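Chemist: Mind having a look at this structure? Questions to follow.
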Amino acid sequence: MFSRALLTYEYSVLFPCSCIQIDFNQGIDPGAPFSEYPGSPTHALYDKFDAASQPVSTRGEYAWQDLGLGDIRGPCADLNAAANHGYLPRDGIATAETINTGLWEASGLDKTATLFLQTTTMFFDGDPLSGRWSIGYHSDKTQSLGIVGDLLGNETGICAYGHLKTEGDASITREEWLEAGMNSNRASYPEFAQELLDLAKARTGGNLTPQVMTEHQYNRKQHSITTNPNYFSPAYAGIAFTFGAHMFAYELLANHSAEYPRGFVKLEVFESFSSSTRDANNKLVFTYGHERVPENWYHRADDDAWTLTDILISIAQQCLSYPSNCQVGGNTGEVNSFSGVDLAILLVILLTLLLI
């Protein structure tokens, strides 16, 4: 009873304009509607557009280039596109300076968020001494200790053996690392991308929205539980990072205009960023490393940046809409054997403090 009352209170704080009554008896997920504009409430009120400061250049030094020998790409479409256009190093080896500057210029990601991203990823997947990390699989370019570093072990990068440290199961279009069958957490699988696009068509007529991305996150977790006997959802990679990636797919990939200052993501924008094209039968085809910033694309306004606070608040909002997404645990060697601990209430309590 206490937990239900508390969730109802937290819901009223995070969704102050809603009159929806939550039915906590209908199953594992109460179905509280996810915010149309997640994160800080100020985003819902934003109504400015600056055609001079928001366009992202795809010309000159920022022209798209195909991969060179040894260039690395990974599971994050935004990082891949930024590297393909030179906003990040084209070899795929990131540093604090390039992440802070490149993602601000390419996506409007605030430095509070890039600092957190850089610090955690460098610690889990890269070289804390040099600050370098790979946006994909392991690279010898990241470590700074020579033979000593080799003896200590390789930095993994954010995919392949970096799995479950940063990148996790149930990602947007990737598969679980080392799962039998389709098992690449670097490749984008067209069937999962098509599921997302079909969901968008059913819910909005085609545009990707935060609500669509959150529902897709729930669907992907349910898919993993029912198909992967080794599915696991740790606190950071499974809850914070995986959901954060789903929000990035809207908040950082959205185009902006005077008509839509808060952003919009059409299917062709998602396909461009996700390195997807259509074959003669109109089926999605993924090509590794071909993520592109679309032409005539405008990032978030400087005074409407996506911040670390927004990321944390949106995680709390996710926990209210889909509490089962906020469970730490996994399958126990068989499909549909999930055992875990529900962190939804704890996360909502902690993160609501950001709004008080």
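The numbers in the sequence shown follow full-length UniProt numbering, run straight up by one, and end at 356.
Glycine included, every Cβ here is placed at the ideal spot set by N, Cα and C.
The structure presented is a predicted model; accordingly, all values stated were derived computationally and were not measured.
Applying the 10 Å Cβ sphere with the 16-neighbour rule, what's the burial state of A200?
Modeler: Buried, by the Cβ-count rule.
Chemist: Indicate whether N331 and S324 have their beta-carbon atoms separated by less than 7 angstroms.
Modeler: no
Chemist: Output yes or no for whether 7 angstroms exceeds the beta carbon distance between P89 and E167.
Modeler: no
Chemist: Quick check: what's the CA-CA separation for G340 versus L284?
Modeler: 35 angstroms
Chemist: Should E176 be labelled buried (16 or more other beta-carbon atoms within 10 Å of its own) or exposed?
Modeler: buried
Chemist: For F116, which residues of its own chain have a beta-carbon under 7 angstroms away from its beta-carbon, when the five flanking residues on both sides are left out?
Modeler: L308
Chemist: Who are the Cβ neighbours of H216 in its own chain at under 6 angstroms, not counting the five residues just before and after it?
Modeler: L196, L199
Chemist: Would DSSP call Q327 helix, strand or coil?
Modeler: Residue state for Q327 is assigned as strand, using DSSP reduced to three classes.
Chemist: One question on the structure: do F286 and S272 come within less than 7 angstroms of each other, judged by their Cβ atoms?
Modeler: no
Chemist: Grab me the residues of A44's own chain with a C-beta within less than 6 angstroms of its C-beta, minus the 5 sequence neighbours each way, in chain order.
Modeler: Y37
Chemist: If contact is defined by three or more beta carbon pairs under 8 angstroms, each pair taking one atom from either stretch, is the segment 87-101 in contact with the segment 309-328?
Modeler: no
Chemist: Over what stretch of residues does the beta strand (DSSP E) that includes F338 continue unbroken?
Modeler: Secondary structure note for F338: it is in no beta strand (DSSP E), with a DSSP letter that is neither H nor E.
Chemist: What's the call for Y260, buried or exposed, on a 16-neighbour Cβ count within 10 Å?
Modeler: exposed
Chemist: Excluding five sequence neighbours on each side, which residues of the same chain lie with their C-beta closer than 8 angstroms to the C-beta of residue 373?
Modeler: Residue 373 is absent from the model: the chain starts at 1 and stops at 356.
Chemist: Helix, strand or coil for Y298? Go by DSSP, reduced to three states.
Modeler: strand
Chemist: Which class does R220 belong to by DSSP, given the choice of helix, strand or coil?
Modeler: helix
Chemist: Given a cut-off of 7 angstroms, decide if D78 and F248 are closer than it, judged by their beta-carbon atoms.
Modeler: yes
Chemist: Could you compute how far the alpha carbon of F241 sits from the alpha carbon of E251?
Modeler: 14 angstroms
Chemist: With a threshold of 6 angstroms on Cβ separation, who are the neighbours of I99 within its own chain once the five nearest residues in sequence on each side are excluded?
Modeler: Closer than 6 angstroms at the Cβ level, and outside the excluded window around I99, lie T114, Q118.
Chemist: Alpha carbons only, please: which of Y218, G60, T204 is nearest the one belonging to F192?
Modeler: Ranking the options by Cα distance to F192, first place goes to Y218.
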